[in-house]
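Last residue of the sequence shown: number 712 in this note's numbering, and the count goes up by one each step with no gaps.
What follows is a short report on a single structure.
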Amino acid sequence: MSHRRRAHTLRVLALCLTLSPAPLLAQRPAAGNQRNKPKPAPAAETDPVAEARRASAVALVVALADEARNFGDMALRAKVQARAADVLWETDAAKSRALFRRAWEAAETADRDSGEERAREAGRRGVANSRDAGSVRREVLRQAARRDSAMGDEFLKRLDESSKQDAPAGAAPTAAGSTSAPSQRINPDDPPSSMTQRLNLASQLLQDGEVDRAMQFADPALYPVNTFGMNILNLLRERDAKAADQRFMSLLQRAVADSNSDANSVSLLSSYVFTPFLYITVRPDGNSHTRQWRGNAAPPADLDPRLREAFLRAAAQILTRPLPPVEQDPTSAGRTGAYVVATRLAPLFDQYMPDIAAQVRTRQAALLQETPERVRRPDNDLFTEGLVAKPSREDELQNMLGRIENAKTPGERDRIYFRIAMGFAEDDLTRAREYAAKIEDIDTRKQLLGALAYRGLEIAIRNKRAEDAVRLAHADELTTVQRAWALTEAARLLTKDSPGRAVELLEEASVEAKRIDAGTADRARALTAVATRMHALDRQRAWDMMPEIVKASNAAPEFTGEDGQIMIRVQFKGGGAMTNNNSVESFDLDGLFASLAKENLDRAAELARGFKEESARSAATLAVARAVLVKPRAGSQVDEREERN
Numbered sequence: 068m069s070h071r072r073r074a075h076t077l078r079v080l081a082l083c084l085t086l087s088p089a090p091l092l093a094q095r096p097a098a099g100n101q102r103n104k105p106k107p108a109p110a111a112e113t114d115p116v117a118e119a120r121r122a123s124a125v126a127l128v129v130a131l132a133d134e135a136r137n138f139g140d141m142a143l144r145a146k147v148q149a150r151a152a153d154v155l156w157e158t159d160a161a162k163s164r165a166l167f168r169r170a171w172e173a174a175e176t177a178d179r180d181s182g183e184e185r186a187r188e189a190g191r192r193g194v195a196n197s198r199d200a201g202s203v204r205r206e207v208l209r210q211a212a213r214r215d216s217a218m219g220d221e222f223l224k225r226l227d228e229s230s231k232q233d234a235p236a237g238a239a240p241t242a243a244g245s246t247s248a249p250s251q252r253i254n255p256d257d258p259p260s261s262m263t264q265r266l267n268l269a270s271q272l273l274q275d276g277e278v279d280r281a282m283q284f285a286d287p288a289l290y291p292v293n294t295f296g297m298n299i300l301n302l303l304r305e306r307d308a309k310a311a312d313q314r315f316m317s318l319l320q321r322a323v324a325d326s327n328s329d330a331n332s333v334s335l336l337s338s339y340v341f342t343p344f345l346y347i348t349v350r351p352d353g354n355s356h357t358r359q360w361r362g363n364a365a366p367p368a369d370l371d372p373r374l375r376e377a378f379l380r381a382a383a384q385i386l387t388r389p390l391p392p393v394e395q396d397p398t399s400a401g402r403t404g405a406y407v408v409a410t411r412l413a414p415l416f417d418q419y420m421p422d423i424a425a426q427v428r429t430r431q432a433a434l435l436q437e438t439p440e441r442v443r444r445p446d447n448d449l450f451t452e453g454l455v456a457k458p459s460r461e462d463e464l465q466n467m468l469g470r471i472e473n474a475k476t477p478g479e480r481d482r483i484y485f486r487i488a489m490g491f492a493e494d495d496l497t498r499a500r501e502y503a504a505k506i507e508d509i510d511t512r513k514q515l516l517g518a519l520a521y522r523g524l525e526i527a528i529r530n531k532r533a534e535d536a537v538r539l540a541h542a543d544e545l546t547t548v549q550r551a552w553a554l555t556e557a558a559r560l561l562t563k564d565s566p567g568r569a570v571e572l573l574e575e576a577s578v579e580a581k582r583i584d585a586g587t588a589d590r591a592r593a594l595t596a597v598a599t600r601m602h603a604l605d606r607q608r609a610w611d612m613m614p615e616i617v618k619a620s621n622a623a624p625e626f627t628g629e630d631g632q633i634m635i636r637v638q639f640k641g642g643g644a645m646t647n648n649n650s651v652e653s654f655d656l657d658g659l660f661a662s663l664a665k666e667n668l669d670r671a672a673e674l675a676r677g678f679k680e681e682s683a684r685s686a687a688t689l690a691v692a693r694a695v696l697v698k699p700r701a702g703s704q705v706d707e708r709e710e711r712n
C-alpha cells in the first residue's frame with residue numbers, strides 16, 4: 068500500500084471514530100476479554116455442486132408428488148405423497164405440509180373405498196364386517212406426526228372422529244393429568260378406537276426413535292390401564308427408564324383411586340414389574356387372552372425395588388376391595404378373573420411382602436368356590452405363565468413323547484413331532500430334522516424340512532458364520548429365492564475380509580436369481596439383492612446389472628420395490644398352519660438406489676424413471692431423493708401370541 072493511500076485510510080478511520088455514538092463505544096469489550104473470546108467459526112462456503120444436487124433432488128420429489136395425484140390406486144397415491152412430504156420436510160416445510168394434507172385427502176378416500184369393499188365381502192360371506200379401518204390414514208398420520216406434532220394431532224382427531232362408532236358411549240379416557248377422578252369403564256384388552264389409534268401411533272414413533280413425540284401422543288391414552296398402553300411403557304423403559312418409571316407410578320396412584328380398577332388392571336400393571344412384554348387378561352367366564360411381544364419376559368434387572376413394593380401395595384388394595392353381588396359385578400375380570408390374578412400374584416406377595424400376603428390369600432380362598440374347576444386346576448398354565456421357568460427341554464421332550472403314545476390319529480402324531488422339531492430348531496438342527504423325518508404326511512414333512520433348512524441359514528448368518536451359510540445354502544429343501552438370498556448375505560459377511568470370495572458368491576447368487584421364473588416378483592427381488600451387495604464390491608458391475616433389474620421388475624406387476632420378504636409356511640393336513648414372514652431389506656429398491664444416487668444422482672434418477680409400475684418407480688425415485696435431502700436418523704416385529712382357553 069502506498070504512503071498516500073495509508074494516510075487516507077487512517078484519516079477515514081479517525082473520522083469514523085470521532086463520529087461514532089458514545090453508547091456504541093461504551094459497549095466495546097475490554098482488550099483482555101477480546102483475547103479470551105473464541106473467534107466465530109467462519110461461515111460455511113456454499114458448495115455449488117451440492118446445491119445443484121439438492122435442487123435436482125427437490126425437483127424429482129415435486130414431480131413425483133404431482134404425478135401421484137393421477138395414480139389410479141388411491142392408497143398408493145396417499146402413501147407416495149406422504150413419503151414425498153417426509154423427504155421434502157428439511158428443505159421446504161411449507162410444501163411438505165401441503166403434501167401431507169393432499170395425502171390425507173387421498174387416504175380418506177382409499178380407506179372409505181376399502182371399507183365399503185370389506186362390507187360387501189362381509190355381506191357375501193354372511194359375517195360381521197371387520198372394524199379394522201383407517202390403515203392408509205394411519206400411515207399418513209405416522210409420517211406427518213414424526214415431522215409436525217400439531218398436524219399429527221389434527222389428523223388423529225379426524226381419524227378419531229371417523230372411528231367414534233367403534234367406541235362405547237362415554238368411553239373416552241380422563242385427562243392425562245388427573246390422579247383422582249374415576250375413569251370410564253373400558254375393555255382393557257380392547258380399548259376404544261380413540262385410545263388404540265393414539266397408542267399405535269406412539270408405538271410406531273418409538274420404533275422410529277421419536278421418543279418425545281411418541282409420548283405426546285401416548286400420554287392421554289395410558290389410562291385407564293390397558294394392554295397397549297402398558298406395552299408403550301415397556302418400550303419407553305428401554306429408551307428412558309426414568310420417564311417410564313415416573314409414568315408407572317402415576318398409573319398406580321390413579322388405579323388405586325379409581326373405583327373402576329379391577330383384577331385385569333392389576334394383571335396388566337404387573338407386567339411392568341414382573342413380566343415385561345407379556346400381558347394377560349381374564350374374562351368373567353374364565354377365558355383368557357395372552358399377548359406376548361417379546362420372547363423373553365424376565366423382570367428388568369435395574370428395576371428400583373421401591374417400584375415393586377409400590378405395585379404390590381396397590382395390587383393388594385385393588386384385589387381386596389369389597390365384592391359386589393355376583394349379579395351386579397361390572398368388572399372386566401369378574402370373580403373368576405380375580406381368582407386367577409390373585410393366584411398368579413400370591414407367591415410374589417409371599418416372597419416380597421409377606422406382611423400383606425395374608426390379605427391376598429384370604430381373598431383368593433374366598434373366590435375359590437365361585438371359580439370353575441377347569442380354571443382352578445393346579446396345572447393351569449395361567450397361574451405361572453411368565454413367572455415360573457418352563458420345564459427343561461428334555462422334560463418337555465419326554466412329555467411330548469408320552470403324548471405320542473396316546474395320539475389317536477396320524478395327524479395328531481404329526482403335530483406333536485412338529486412341535487418337538489421346532490423346539491430343537493434354534494440350537495440342534497440335527498435332532499430337529501430327526502423328529503421332522505418322523506412326520507408321516509409327505510407334504511407336511513417336506514415343508515417342515517424346508518423351514519428347518521431356512522432356520523439353519525438364519526442362525527448361521529446371524530452368528531456371522533459365512534462359510535456355514537454357504538454350505539447350508541445348497542440344501543435341497545431350500546427354494547431358489549432362499550438360496551439366492553443366502554448367498555448374498557454370505558457375501559455381505561465376507562465383503563471386508565475376503566472381497567474376492569464375496570464376488571464369487573454374488574456371481575453364483577446371480578445365476579440362482581436368473582433361474583427364478585421371469586415375470587415373478589421373486590426374480591426382481593433376488594437380482595436387487597445381488598446388485599445391492601455388489602455395489603460395495605464392484606460398483607461398475609452393480610450399474611451393469613440395473614437394466615436387467617428394471618426389465619425383471621417391469622415383467623412382474625406385483626413387484627413394488629418395498630415389500631421384500633421370504634415367507635416360510637407349513638400347512639398341516641386337516642387344517643391349521645404355521646406362517647413366518649421374514650422381511651428382507653436387500654430385496655427392496657431403497658438401499659440400492661440410495662447407494663447409486665450418492666455416486667451419480669442423474670443416472671440413478673434416469674434408471675428410476677425406467678420402472679413401468681407406479682409403485683416401483685415411486686420407491687426408487689424417493690430413495691434417490693432421500694439420499695440427498697434427508698439427514699440420516701437413528702432408528703426398529705411384533706410377535707403376538709394369542710391364546711384362548
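All residues carry an ideal CB built from backbone N, CA and C; glycine is no exception.
With 16 other Cβ atoms within 10 Å as the buried cut-off, status of His-602: For the purposes of this step, residue 602 is taken as the residue at position 535 of the sequence shown. That one is buried.
In angstroms with no decimal places, state the Cα-to-Cα distance between Thr-387 and Glu-157. Locating residue 387 in the sequence shown gives position 320, counting from the first residue. Locating residue 157 in the sequence shown gives position 90, counting from the first residue. Approximately 55 angstroms between the Cα atoms of the pair.
Considering only residues of the same chain and omitting the five flanking positions on each side of Met-634, which have a CB-CB separation below 6 angstroms? Residue numbering aside, residue 634 sits at position 567 when the sequence shown is read from its first letter. Cβ within range, chain order: Asn-648.
So, helix, strand or coil for Val-349, using DSSP? Here residue 349 refers to the residue found at position 282 when the sequence shown is read from its first residue. Correct three-state label for Val-349: strand.
Three-state secondary structure (DSSP) of Met-645: Start at 1 with the first residue of the sequence shown, and residue 645 comes out as number 578. Strand at Met-645.
7 angstroms CB neighbourhood of Ala-536 in its chain, flanking five on each side removed: Position 469 of the sequence shown, counted from the start, is the residue given in the question as residue 536. Only Leu-524, Ala-527, Ile-528, Ala-553, Glu-556, Ala-557 meet the Cβ criterion.
Please report the Cβ distance between Ala-377 and Leu-319, rounded to the nearest whole angstrom; I am assuming they are in contact, meaning their Cβ atoms lie under 8 angstroms. To locate residue 377, count along the sequence shown from 1; it is residue 310. To locate residue 319, count along the sequence shown from 1; it is residue 252. Yes, Ala-377 and Leu-319 are in contact; Cβ-Cβ is about 6 angstroms, under 8 angstroms.
Under the assumption that Ala-330 contacts Thr-438 (Cβ atoms under 8 angstroms), give the Cβ distance between them as a whole number of angstroms. Here the question's residue 330 lines up with position 263 in the sequence shown. Here the question's residue 438 lines up with position 371 in the sequence shown. Contact flag wrong, Cβ pair sits at about 12 angstroms.
Hey, Thr-403 and Gln-431: beta-carbon distance below 7 angstroms or not? Residue numbering aside, residue 403 sits at position 336 when the sequence shown is read from its first letter. Residue numbering aside, residue 431 sits at position 364 when the sequence shown is read from its first letter. No, the Cβ-Cβ distance between Thr-403 and Gln-431 is not below 7 angstroms.
If you reduce the DSSP assignment to three classes, tell me which class Arg-693 lands in. In the sequence shown, the residue the question calls residue 693 occupies position 626. Residue state, collapsed to three classes: helix.
Taking Phe-741 as the reference, which of Met-612, Asp-611, Gly-641, Leu-594 has the closest Cα? Missing from the structure shown is residue 741; the chain here goes from 68 to 712 and no further.
Would you call the segment 277-290 in contact with the segment 305-318, where contact means no fewer than 3 C-beta pairs closer than 8 angstroms? yes
When DSSP builds the beta bridges, which residues end up paired with Gln-638? Here residue 638 is taken as the residue at index 571 of the sequence shown, counted from 1. In the DSSP output, where bridge partners are listed per residue, Gln-638 has Ala-644.
When the Cα atoms are used, what is the spatial distance from Arg-169 to Arg-144? For the purposes of this step, residue 169 is taken as residue 102 along the sequence shown, with counting starting at 1. For the purposes of this step, residue 144 is taken as residue 77 along the sequence shown, with counting starting at 1. Taking the straight line from one Cα to the other gives about 9 angstroms.
Express the C-alpha separation of Leu-539 and Ala-499 in angstroms, rounding to a whole number. As a position in the sequence shown, residue 499 is number 432, starting the count at 1. As a position in the sequence shown, residue 539 is number 472, starting the count at 1. If you take the alpha carbons of Ala-499 and Leu-539, they lie about 15 angstroms apart.
Pick out whichever of Ser-355, Pro-367, Asn-473, Ser-328 has its Cα sitting closest to the Cα of Ser-338. For this step, residue 338 is matched to residue 271 along the sequence shown. If we check each option's Cα against that of Ser-338, Pro-367 comes out closest.
For a test of the three-state rule: what should DSSP assign to Ser-355, helix, strand or coil? By 1-based counting over the sequence shown, the position of residue 355 is 288. Here Ser-355 sits in strand by DSSP.
Using 8 angstroms as the threshold, is the segment 454-472 in touch with the segment 418-435, meaning 3 or more CB pairs across them? no
For Pro-88, does the count of other Cβ atoms within 10 angstroms reach 16, so buried, or fall short, so exposed? Locating residue 88 in the sequence shown gives position 21, counting from the first residue. Any reading at Pro-88 must be qualified, since the residue scores a pLDDT of 37, below 50, and its modelled position is unreliable; no value is offered.
Under 7 angstroms, Cβ to Cβ, is there at least one residue of chain B near Glu-472? Given the protein chain composition of this structure (a single chain), no chain B is represented.
From Ala-585 to Gly-490, what does the alpha carbon distance come to, in whole angstroms? Counted from its first residue, the sequence shown places residue 585 at position 518. Counted from its first residue, the sequence shown places residue 490 at position 423. Distance between the alpha carbons of Ala-585 and Gly-490: 37 angstroms.
Do the CB positions of Ala-382 and Val-333 come within less than 7 angstroms of each other? Counting from 1 along the sequence shown, the entry for residue 382 is found at position 315. Counting from 1 along the sequence shown, the entry for residue 333 is found at position 266. Yes. Within cutoff.
Would you call Asp-325 buried or exposed, if buried means 16 or more other Cβ atoms sit within 10 Å of its Cβ? Looking up residue 325 in the sequence shown gives position 258. With 16 or more Cβ atoms within 10 Å of its Cβ, Asp-325 is classed as buried.
Presumed contact (8 angstroms Cβ cut-off) between Glu-507 and Asp-481, rounded CB distance: The residue given as residue 507 occupies position 440 in the sequence shown. The residue given as residue 481 occupies position 414 in the sequence shown. About 6 angstroms separates the two Cβ atoms, so the contact holds.
Residue environment, Lys-146, which counts as buried when at least 16 other CB atoms sit within 10 Å: Counted from its first residue, the sequence shown places residue 146 at position 79. Buried, since its Cβ has 16 or more Cβ neighbours within 10 Å.
Endpoints, the alpha helix (DSSP H) within which Thr-547 is located: Counting from 1 along the sequence shown, the entry for residue 547 is found at position 480. First-last of the alpha helix (DSSP H) with Thr-547: 547-561.
Does the Cβ of Ala-269 have 16 or more other Cβ atoms within 10 Å, making it buried, or fewer, making it exposed? Locating residue 269 in the sequence shown gives position 202, where the first residue counts as 1. Its Cβ being crowded by 16 or more others within 10 Å, Ala-269 is buried.
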